[in-house]
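Engineer: Heads up, the sequence shown is in my numbering, so the first residue is 1001 and it goes up one at a time.
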Amino acid sequence: MSSPNCNNSYAEIQTKFLAPMYGVEFVISVIGNSLAIWMLGPGGSKNRHAGIIFSLSLAVSDLFYSLSLPLLVAYYTMNKNWVFGSAMCKIERFLFNCNLYGSIFFITCISVNRYLGIVFPFYTRGRVRGKHANLVSVGTWVVVVIISSPVIYFSKLDTDSHNVECIGTALKSELPSYFPYSCFLSGFGCGLPFLITFLSYVGIAQAVWKSHGLEAREKRKVITLVCVVVALYAISFIPYHILRILNLRNRMYSADCKWSLKVHSAFQVTKALVSLNPCIHPMLYTAVMDNVRTKLGCCQGNTDIKSQEEIRL
């Protein structure tokens, strides 16, 4: 078991670091994603192509999770004392997981759609329509809800300490059952989508680099933008999943306090990075979509204007 001093250090890191971070993220994310939904929704965008539909789904996912952040701000401000009841604990953790894997999956959908639009523009024109994107979005939400639903069972209130804690993973007695589930989420929910996203952007970079319609400076600009997107994806999601597994192992086997504290501290940073994504998405992915579409017009140098305008990312 961890010593009391070790447990106090865990709580101190969370209350001093996560509470203010979540507060700032709540304000930025709610404003940014509300504007994104207004711009991407039926009232703001008349052109309902696949890129718009996937981006709208991503913004909705981010907004729903952001609305739960005040609960976490209050929780950590009150020194990890959960006063909202067991049901809200489960709902908050479920929303976190739905947003996490919804974000990952819809980023992957956007990446694949962008790859098809740039590398195979004439094949996808007229074949990839809004109704197809709607079906993919519904299927994605179904998968996200299914893989996130076990969290409703595992998330519980821990009343052993002087505070009532909302356990976001599982009680120690249930860790042997939760650990394989966490590994599955890391592989299926993060590793596989990252591989698909990475390969999609590699394909985009290759297509841009081979284009004869772009100057070298323009090619470097697009490829740099692609690298930034992939790097942000990797930094935001991969460390979180790796450190979550390490943190669970430390809890299962009662690892040395000093080592456990280092892993736990790093894990808290990755939690903040994951929650920062809803703040970044409205700016980053809109910028990427506009820039790539602009550059694509240059890539299709021998194509008539009408064909260029019909290419949808």
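Where a beta carbon is used, it is the ideal one built from N, C-alpha and C, also for glycine.
May I ask you to report which of helix, strand or coil DSSP gives Lys1156?
Structural biologist: Strand.
Engineer: In chain order, what residues of the same chain lie with their CB nearer than 6 Å to the CB of Leu1035, ignoring the 5 residues before and after it?
Structural biologist: Excluding residues within five positions, none has a Cβ falling inside 6 Å.
Engineer: From the DSSP output, read off the bridge partner residues of Cys1166.
Structural biologist: Leu1157
Engineer: Mind reading off the beta-carbon distance from Leu1344 to Phe1026? Whole number of angstroms is fine, and I expect it under 8 Å.
Structural biologist: The shown model of the chain, from 1001 to 1313, leaves out residue 1344, and the question about it has no answer.
Engineer: Leaving out five residues before and five after Phe1106 in sequence, what residues of the same chain have Cβ atoms less than 6 Å from its Cβ?
Structural biologist: Only residues of its own chain outside the window of five on either side were considered, and among them Phe1054, Ser1057 and Leu1058 have a CB closer than 6 Å to the CB of Phe1106, listed in chain order.
Engineer: Drop a sphere of 10 angstroms on the beta-carbon of Leu1135, count the other beta-carbons inside from all chains shown, and report buried for 16 or more, exposed for fewer.
Structural biologist: exposed
Engineer: Among Pro1150, Leu1192, Asn1250 and Ile1223, which has the Cα closest to the Cα of Tyr1201?
Structural biologist: Ile1223
Engineer: Can you tell me where the alpha helix (DSSP H) with Cys1183 in it begins and where it stops?
Structural biologist: Leu1175 to Ser1186
Engineer: Are the stretch 1118 to 1134 and the stretch 1074 to 1094 in contact at 8 Å, needing three or more beta carbon pairs?
Structural biologist: No: fewer than three Cβ pairs fall under 8 Å.
Engineer: Helix, strand or coil: which one does DSSP assign to His1281?
Structural biologist: helix
Engineer: With DSSP collapsed to three states, give me the class of Met1078.
Structural biologist: coil
Engineer: Under the three-state reduction of DSSP, which class applies to Gly1203: helix, strand or coil?
Structural biologist: helix
Engineer: So, helix, strand or coil for Asn1291, using DSSP?
Structural biologist: Confidence at Asn1291 is low in this model, with a pLDDT of 47, below 50, so its placement is unreliable and the value that follows should be read with caution. DSSP places Asn1291 in helix when its eight states are reduced to three.
Engineer: Out of curiosity, what's the CA-to-CA distance linking Ile1037 and Pro1282?
Structural biologist: Rounded to whole angstroms, the separation of the alpha carbons of Pro1282 and Ile1037 is 9 Å.
Engineer: With a threshold of 7 Å on Cβ separation, who are the neighbours of Gln1268 within its own chain once the five nearest residues in sequence on each side are excluded?
Structural biologist: Ile1013, Gln1014, Phe1017 and Leu1018
Engineer: What residue range does the alpha helix (DSSP H) around Cys1109 cover?
Structural biologist: Gly1085 to Val1119
Engineer: Does DSSP put Ala1255 in a helix, a strand or coil?
Structural biologist: coil
Engineer: In this structure, how does DSSP classify Pro1042 when only helix, strand and coil are distinguished?
Structural biologist: coil
Engineer: Skipping 5 residues on each side, what residues in its chain have a beta carbon closer than 7 Å to that of Val1226?
Structural biologist: Tyr1201, Ile1204 and Ala1205
Engineer: Taking contact to mean at least 3 C-beta pairs separated by less than 8 Å, is the stretch 1240 to 1247 in contact with the stretch 1178 to 1186?
Structural biologist: yes
Engineer: The alpha helix (DSSP H) that contains His1212, what's its start and end?
Structural biologist: No alpha helix (DSSP H) contains His1212, which DSSP labels as neither H nor E.
Engineer: Please report the straight-line C-alpha distance between Arg1129 and Leu1116, rounded to a whole angstrom.
Structural biologist: Roughly 12 Å separates the two Cα atoms.
Engineer: Which term fits Pro1176, buried or exposed, when burial requires 16 or more other beta carbons within 10 angstroms of its beta carbon?
Structural biologist: exposed
Engineer: Return the CA-CA distance between Pro1020 and Asn1099, expressed in angstroms with no decimal places.
Structural biologist: 20 Å
Engineer: Within a Cβ cutoff of 6 Å, which residues of the same chain sit near Glu1092, ignoring the five residues on either side of it in sequence?
Structural biologist: Ser1068 and Leu1071
Engineer: Give the DSSP-derived three-state secondary structure of Ser1149 in the structure shown.
Structural biologist: coil
Engineer: Going straight from the alpha carbon of Ser1061 to that of Val1144, what length do you get?
Structural biologist: 11 Å
Engineer: Inspect the beta-carbon positions of Phe1237 and Ile1028 and report whether they are closer than 8 Å.
Structural biologist: no
Engineer: Please state the DSSP three-state secondary structure of Ser1260.
Structural biologist: helix
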